[in-house]
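The structure appears below as structure tokens.
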């Protein structure tokens with residue numbers, strides 16, 4: 004059985020899509036899974052053993068370009084028995100339609116009748132989690148999802164990890180805390196830089212080193228965090244945001260002894276690497292896309308206006324994040340275990 008997946012457009016969603024691939028492999032061990040997705044997602048897909056190959060989709064998010072979609076579809080004709088669409092847009096259904104794939108599966112979305120021939124009606128109450136909505140597409144309509152749910156697990160090659168360490172001159176001679184202070188969604192997901200700096204200082208004083216991860220847009224906040232550290236401590240922090248490729252970031256994050264992250268794509272990467280993780284939530288909720296790891300502590304204020312799911316605070320105060328004290332995050336780190344984490348909590352207390 005040959006299956007083409009039309010992949011999502013966000014890092015976290017792509018990580019969570021692995022639960023669908025795992026379900027397909029459980030049912031059809033010999034099936035072939037290819038994923039058509041933006042080129043940036045290749046490093047994620049290459050670290051999923053269920054995926055045979057990542058097919059680069061050249062169009063940006065929201066671009067129609069009908070002729071290009073037709074050309075891509077025609078190039079895939081005759082290669083697949085089924086297509087499964089994770090986005091709910093009409094545009095995402097065009098390539099499988101032009102490819103003439105016999106079975107085209109997806110949730111009912113915008114104007115997709117005719118483009119899909121295995122159309123599912125989503126019951127949000129039955130499938131409150133995003134991974135449930137992904138996984139359900141692997142089964143017949145109405146089928147019960149198997150328990151326990153699979154968790155995303157990215158596989159790291161030691162050689163590529165060592166190459167990344169060497170490239171950036173990094174060493175693992177001290178316990179490693181990874182910080183992910185960015186979030187592409189918006190400011191209402193970003194815990195303040197000064198709070199991250201307090202956590203970094205406490206951990207460095209207890210013998211840890213700190214690596215900051217993110218995109219180029221996150222590099223300035225990484226520098227703000229480092230600038231709040233006094234000389235002697237600052238040298239134990241490294242701002243990798245915007246310096247690494249996504250592949251290098253994944254490989255380097257796999258070295259972390261603990262991770263603190265906003266609700267972001269890198270949070271889901273850390274979970275899929277099975278790193279001990281503290282997930283900081285502000286305007287969003289773990290009720291839809293929680294981190295799927297064995298050792299996770301979720302921290303949030305739960306104030307009256309949260310979650311609002313806004314990109315920016317409608318009241319301008321960002322209290323759902325500002326009022327979340329660093330001590331709570333360090334206490335959450337402590338609860339994940341380890342003597343160094345225990346000492347770090349004592350430093351703040």
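Numbering (the numbering used here), first residue to last: 4 to 352.
Here a beta-carbon is modelled for each residue, glycine too, at the ideal position from N, C-alpha and C.
CA-CA distance, residue i and residue j?
| i | j | result |
| --- | --- | --- |
| residue 183 | residue 15 | 13 Å |
| residue 292 | residue 102 | 32 Å |
| residue 193 | residue 285 | 7 Å |
| residue 335 | residue 41 | 35 Å |
| residue 178 | residue 95 | 44 Å |
| residue 324 | residue 223 | 19 Å |
| residue 269 | residue 217 | 8 Å |
| residue 19 | residue 275 | 8 Å |
| residue 332 | residue 302 | 7 Å |
| residue 264 | residue 280 | 8 Å |
| residue 262 | residue 180 | 6 Å |
| residue 287 | residue 221 | 19 Å |
| residue 50 | residue 215 | 22 Å |
| residue 199 | residue 329 | 7 Å |
| residue 149 | residue 169 | 42 Å |
| residue 117 | residue 85 | 15 Å |
I need the boundaries of the beta strand (DSSP E) containing residue i, first residue and last residue.
| i | result |
| --- | --- |
| residue 300 | 299 to 302 |
| residue 7 | 5 to 9 |
| residue 338 | No beta strand (DSSP E) holds residue 338; the alpha helix (DSSP H) holding it covers 329 to 338. |
| residue 240 | 240 to 242 |
Which residue wins for smallest C-alpha separation from residue i, given the options the options?
| i | options | result |
| --- | --- | --- |
| residue 233 | 21, 207 and 313 | 207 |
| residue 247 | 52, 166 and 81 | 166 |
| residue 155 | 174, 38, 168 and 134 | 134 |
| residue 60 | 50, 73, 52 and 181 | 73 |
| residue 235 | 250, 221 and 203 | 203 |
| residue 43 | 11, 53, 33 and 37 | 11 |
| residue 6 | 237, 47 and 55 | 55 |
| residue 2 | 38, 47, 231 and 25 | Lying outside 4 to 352, the shown extent of the chain, residue 2 is not represented and no answer is given. |
| residue 13 | 63, 171, 228 and 127 | 63 |
| residue 67 | 98, 52 and 314 | 98 |
| residue 211 | 76, 84, 21 and 259 | 259 |
| residue 253 | 229, 196, 278 and 309 | 278 |
| residue 255 | 21, 158, 187 and 23 | 158 |
So residue i is in the alpha helix (DSSP H); what residue range does that whole segment cover?
| i | result |
| --- | --- |
| residue 323 | 322 to 325 |
| residue 16 | 14 to 19 |
Any beta carbon of chain B sitting closer than 9 Å to that of residue i?
| i | result |
| --- | --- |
| residue 303 | Absent from the structure is chain B; it holds one protein chain and no more. |
Legend entry - Sequence ranges, beta strand (DSSP E) only - wholly within the stretch 251 to 286, length at least 3: 261 to 265 and 280 to 283
Legend entry - Complete runs of the beta strand (DSSP E) confined to the stretch 34 to 101 [at least 3 residues]: 35 to 41, 56 to 60 and 85 to 88
Legend entry - Any alpha helix (DSSP H) of 4 or more consecutive residues that is wholly inside the stretch 174 to 228: Whole alpha helix (DSSP H) segments, 4+ residues: 196 to 208.
Legend entry - Continuous beta strand (DSSP E) assignments of at least 3 residues falling wholly in the stretch 101 to 167: 106 to 110 and 121 to 123
Inset, instruction - Please confirm if the stretch 140 to 153 is in contact with the stretch 16 to 31, defined as three or more CB-CB distances below 8 Å between the two stretches. - result: yes
Legend entry - Sufficient close CB pairs (3 or more, under 8 Å) joining the stretch 80 to 94 to the stretch 108 to 120: yes
Inset, instruction - Would you check if there are 3 or more beta carbon pairs closer than 8 Å linking the stretch 237 to 245 to the stretch 316 to 327? - result: no
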